[in-house]
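Some notes on the structure that comes next.
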Amino acid sequence: MRLKDKVSIITGGSQGIGEATAKKLGEHGSKVVIADINEEIGLQTVEKLRSNDIDVIFVKTDVSNEQSVKSLIKETVEHFGGVDSLVNNAAATMRKSVIDTSLEEWKKVIDVNLTGTFLCSKYAIPEISKRGGGAIVNMASWHAYRTITRFAAYAASKGGMTALTRQMALDCGPLNIRVNAVCPSTVDTPMLYETFKSLPDPEDAFEQTLAFQPLGRIASAEDIANACLFLISDESTYVSGHSLMVDGGTFNKVARPLMFD
Ligand SMILES: NC(=O)c1ccc[n+]([C@@H]2O[C@H](COP(=O)([O-])OP(=O)(O)OC[C@H]3O[C@@H](n4cnc5c(N)ncnc54)[C@H](O)[C@@H]3O)[C@@H](O)[C@H]2O)c1
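Under my numbering, think of the first position of the sequence shown as 1, with each following residue one higher.
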C-alpha cells in the first residue's frame with residue numbers, strides 16, 4: 001500500500017496503459033480518478049476496478065479543452081478532497097508525414113498530447129501544492145528520442161512532452177512536486193493494434209515487432225503501470241525531470257523493423 005489515502009488522476013484511464021495504471025495505483029491504496037473522453041469504456045473500467053475494492057470515479061474529460069480540465073480538477077477536489085498525483089496519459093496518434101498531415105490533424109495530436117499535458121498540469125499543480133507536494137508523470141514515448149517514418153505530429157508531441165517534463169521539474173521543485181516522463185516503446189494496448197491496422201500486413205508487422213524485442217515479448221500495460229507506480233511513490237523521492245525509457249532494451253538496438261519503411 002505505497003499510496004495509501006493519496007488521490008491520483010489518470011487521464012486516458014479508460015483503457016490500455018491508463019487503465020492498468022489506474023488499477024496499479026488503486027491496488028496500492030490510492031483513490032483514483034479516471035479522466036477520459038470515452039465515457040462508455042470508462043464506466044466499464046470503473047466497475048472492474050470497484051470490484052477489486054478500488055475507490056474510483058470517472059470524470060468525462062477532454063484534456064485538450066480548458067473548461068473540461070478545470071471541471072475535472074474541481075470534481076476531483078469536491079469528491080476526494082484534493083489531488084496528490086497526476087498521470088498525463090491521454091493521447092491521440094497519427095501516422096503521417098509532415099506533407100501528408102493537415103493542419104487540423106496536426107492540431108488534434110498536439111492539442112491532446114502536449115496541450116492536454118500542459119492544461120492538466122496547470123490546474124492540478126496548485127492542488128498538489130496545497131497537499132504539500134506530490135508527483136506528475138507524463139506518458140511520453142520512445143518517439144521523443146528515436147522514431148520511424150510517418151509519425152510527424154505524434155513524435156513532435158512526445159518530444160515536446162519530455163522537454164516540458166524537464167522544464168516543469170524546475171518550476172515545481174520548490175513546491176515539492178516531482179515531474180517525470182515514462183517513455184514506452186511497444187505496448188500491448190488498443191492503440192498499438194490501431195497502428196498495425198494502418199499497415200499492409202498487420203500480422204507480419206506484429207511478428208517483425210516481436211522479433212525486434214530483446215526480451216522476446218512486447219510490453220504489457222502493467223509493465224508501464226509499474227514504472228508509473230515507482231515514479232509516483234516515495235521510492236523515487238529524489239527523481240525529477242527524468243524520462244524513463246521502459247522499452248525492454250529496444251532503444252539500444254541499431255536495427256529497426258523494416259515494415260514501417
Ligand atoms: N501502446 C503503445 O505501444 C505506446 C507506446 C508508447 C507510448 N504510448 C503512450 O501511452 C499512452 C497510452 O496509450 P495506450 O496505448 O494505452 O492508448 P489507448 O488508445 O489504448 O488509450 C488512450 C486513451 O486516451 C483517451 N483519450 C484520447 N483522447 C482524449 C482526450 N482528448 N481527452 C481525454 N482522453 C482522451 C482514449 O479515450 C483512450 O482511453 C499514450 O500517451 C500513448 O501515446 C503508447
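Backbone N, C-alpha and C fix where the C-beta goes; we use that ideal spot for every residue, glycine too. The structure displayed is predicted, hence computed values, not measured ones.
{"query": "Hey, would you say serine 243 sits closer than 8 angstroms to threonine 165, going by beta carbons?", "result": "yes"}
{"query": "Output the distance between the C-alpha atoms of leucine 215 and threonine 250, rounded to the nearest integer angstrom.", "result": "9 angstroms"}
{"query": "Can you give me the Cβ contacts of lysine 4 inside the same chain, cut-off strictly under 6 angstroms, excluding the 5 residues immediately before and after it?", "result": "Gly29"}
{"query": "Which term fits lysine 24, buried or exposed, when burial requires 16 or more other beta carbons within 10 angstroms of its beta carbon?", "result": "buried"}
{"query": "Just how far apart, CA to CA, sit glycine 12 and isoleucine 34?", "result": "7 angstroms"}
{"query": "If you drop the 5 nearest sequence neighbours on each side, which residues of the same chain put their C-beta closer than 6 angstroms to that of isoleucine 125?", "result": "none"}
{"query": "Answer yes or no: do cysteine 183 and tryptophan 142 have a C-beta to C-beta separation smaller than 8 angstroms?", "result": "yes"}
{"query": "How would you write the range of the alpha helix (DSSP H) that glycine 42 sits in, first residue to last?", "result": "39 to 50"}
{"query": "Which residue comes first and which comes last in the beta strand (DSSP E) that contains aspartate 263?", "result": "There is simply no residue 263 to check, as the chain begins at 1 and stops at 261 in what is shown."}
{"query": "Go ahead and label asparagine 180 buried or exposed: buried means 16 or more other beta carbons lie within 10 angstroms of its beta carbon, across all protein chains shown.", "result": "buried"}
{"query": "So what does serine 264 bridge to, in DSSP terms?", "result": "No statement about residue 264 is possible, as the shown extent of the chain runs from 1 to 261 and does not include it."}
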